[in-house]
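Worksheet: the structure to be examined is printed underneath.
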């Protein structure tokens, strides 16, 4: 599929790669952006007669959807049009370039003198720093860039974070950003061998990053009565969130560091 | 180098792969573990006569070094000995297996009835979830496991975190774990294109995970007088930490979301 050419936006739509036939960004603030078409020129803030940008871009609609993709680490399909200023742009029509990761967003003053939003997209396969680190090992002259922590996310996790409106179940904190509130989902019994915890809501907590780190490193656990162990207080639990006590016990037994 | 065979521990030492000739784990609580040799059997807590484990393992020495590698995301060289119970173990001597990432640690009751510490090591090249996510895209029946956030680390960052003794420069918080205190280093002007911020202390902040997320998403910035913008209070700055005001301005201009 990657590298496939399309004659026009209608063909691109029929393939399922990018549904809107006008908008360059497909998606929403709720789901993030699933697909973008790079074809030169902006969609918004243009004077309909002169084609010039006439005001600062806001972080709304398509721009906000891309910022949400950044916040949640969601993959975005990228398609280049022939008018896109890139060596990879096709001579005519459109070409699907594959999955990308939004790993940064910021704003700059554009040629018009007004602010524009910019996004850095990295190919999904090369977005991971294994390469940098291998280089660092093999070529000691380069500074090593390692990874301290990877926060995984799943579809189930997104629903759980929405249930708590991104409030931490331990401290109630909700991190407010322009891309929307930020929280992380923590698996109680970890995914993968040898733990094989399920990716289901009864095995997940909605936490702020600080309490996520502390939970993963066993600085606190959760008792059968939902009392916090290692921290004062109780876990906040939504009436529709049914935790599996066996998973909580799994975490207590293996991860919790008793003082 | 990966796949290289060694006749004995002395040869392994001379190659530089693993310096200790007895200990299975090379490293320290300060630097983490740089190398381990898997050869069956435990190093510690054994009765010198019977060879049996006689007490619970503590998270100290080699085990603590591996937990620090987990905390900081440091790579570990892995070598397998012929006595290691694995299909990848060599028939005789030792074989270097490559770089691994410690992505989990916990404890379990061993055969002796006493607790042992366990570590999950994943090959460095496959530790990244790009694979899972590609599968998720190509085979919708599998549940997608995405990555919400990657926290990068560098050698300079480690020194800065030590300078602050892992206290957050915004809130003073220090996350306490059995693997030692946890903090993250935030680049003020980001690394990589198009920002090309330097990996130097004048471009770094020592932050708790919560304030790292908020800083990266522009929920707060830092003024010339080190006053926080978007949050009350001032940035705490160590007398030996000289911040570059141009980098702070770079972040304010491009990332800070003015209300």
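Protein chains in written order, with our numbering: chain A, -15 to 243; chain B, -15 to 243. Beta carbons: idealized from backbone N, C-alpha and C, even for Gly.
(1) Which residues share a DSSP beta bridge with residue 205/B?
(2) Given this structure, state the Cα-to-Cα distance separating residue 236/A from residue 202/A, to the nearest angstrom.
(3) Closest Cβ-Cβ distance between residue 201/A and chain B: below 8 Å?
(4) Buried or exposed: residue 226/B, going by 16 or more other Cβ atoms within 10 Å of its Cβ?
(5) Beta-carbon within less than 7 Å of residue -10/B's beta-carbon, same chain only, minus the 5 sequence neighbours each way: which residues are those?
(6) Are the C-beta of residue 161/A and some C-beta of chain B separated by less than 8 Å?
(7) Does DSSP put residue 112/A in a helix, a strand or coil?
(8) Mind checking which residues open and close the alpha helix (DSSP H) that includes residue 149/A?
(9) Is it buried or exposed for residue 216/B, if we count other Cβ within 10 angstroms and need 16 for buried?
(10) To the nearest angstrom, how far is the alpha carbon of residue 95/B from that of residue 36/B?
(11) Would you be able to state if there are at least three C-beta pairs under 8 Å between the segment 142 to 155 of chain B and the segment 181 to 190 of chain A?
(12) Considering residue 59/B, what are the terminal residues of the alpha helix (DSSP H) in which it resides?
(13) Tell me which residues of the segment 230 to 242 of chain B have at least one Cβ-Cβ distance to chain A shorter than 7 Å, keeping chain order.
(14) Which residues in the same chain as residue 101/A place their Cβ atom closer than 7 Å to its Cβ, once the five residues preceding and following it in sequence are excluded?
(15) For residue 86/A, name the three-state secondary structure that DSSP assigns.
(16) Could you give the DSSP three-state label for residue 183/B: helix, strand or coil?
(17) Compare the C-beta of residue 192/B with all C-beta atoms of chain A and state if any pair is closer than 8 Å.
(18) Indicate whether residue 136/A and residue 108/A have their beta-carbon atoms separated by less than 8 Å.
(19) Along chain A, which residues have their Cβ under 7 Å away from the Cβ of residue 90/B?
(20) Does chain A have any CB closer than 8 Å to the CB of residue 186/B?
(21) From the DSSP secondary-structure annotation, give me the bridge partner or partners of residue 137/A.
(22) Taking residue 87/A and residue 106/A to be in contact with their CB atoms under 8 Å, please state how far apart those CB atoms are, rounded to whole angstroms.
(23) On the DSSP letters alone, give me the boundaries of the beta strand (DSSP E) that residue 103/A sits inside.
(24) Tell me where the beta strand (DSSP E) around residue 171/B begins and ends.
(25) Would you please verify whether the beta carbon of residue 132/A is less than 8 Å from any beta carbon of chain B?
The short version:
(1) Looking at the DSSP output, residue 205/B sits in a beta bridge with 213/B.
(2) When the Cα atoms are used, residue 236/A and residue 202/A turn out to be separated by approximately 8 Å.
(3) Interface residue, yes.
(4) Classification of residue 226/B: exposed, given that the 10 Å Cβ count is below 16.
(5) Once the five neighbours on either side are set aside, the close Cβ partners of residue -10/B are -4, -1, 77, 78.
(6) Yes, because at least one Cβ of chain B sits closer than 8 Å to the Cβ of residue 161/A.
(7) The predicted model places residue 112/A with a pLDDT of 48, which falls under 50 and marks its position as unreliable; any figure quoted below should be read in that light. Coil.
(8) Bounds of any alpha helix (DSSP H) do not take in residue 149/A, whose DSSP letter is neither H nor E.
(9) Result: exposed.
(10) Distance between the alpha carbons of residue 95/B and residue 36/B is about 10 Å.
(11) The segment 181 to 190 of chain A is not in contact with the segment 142 to 155 of chain B.
(12) Annotation: residue 59/B is outside any alpha helix (DSSP H); the continuous beta strand (DSSP E) that includes it extends over 59 to 65.
(13) Taking a C-beta cut-off of 7 Å against chain A, the contacting residues of the segment 230 to 242 of chain B are 238, 239, 241, listed in chain order.
(14) Same-chain partners within the cutoff: 41, 43, 47, 89, 91.
(15) If DSSP states are grouped into helix, strand and coil, residue 86/A belongs with the strands.
(16) Of the three classes helix, strand and coil, the one that applies to residue 183/B here is coil, per DSSP.
(17) Yes, residue 192/B lies at the interface with chain A (some Cβ there is under 8 Å from its Cβ).
(18) In this structure, residue 136/A sits away from residue 108/A, with a CB-CB distance that is not shorter than 8 Å.
(19) For the C-beta of residue 90/B, the chain A residues within less than 7 Å are, from N- to C-terminus, 238, 239.
(20) No, residue 186/B lies away from the interface with chain A (no Cβ there is under 8 Å from its Cβ).
(21) In the DSSP output, where bridge partners are listed per residue, residue 137/A has 130/B.
(22) About 5 Å separates the CB atoms of residue 87/A and residue 106/A; that is less than 8 Å, so the two are in contact.
(23) For residue 103/A, the uninterrupted beta strand (DSSP E) run begins and ends at 99 to 107, by DSSP.
(24) 168 to 171 is the span of the beta strand (DSSP E), which, as asked, contains residue 171/B.
(25) It does: the Cβ of residue 132/A has a partner Cβ on chain B nearer than 8 Å.
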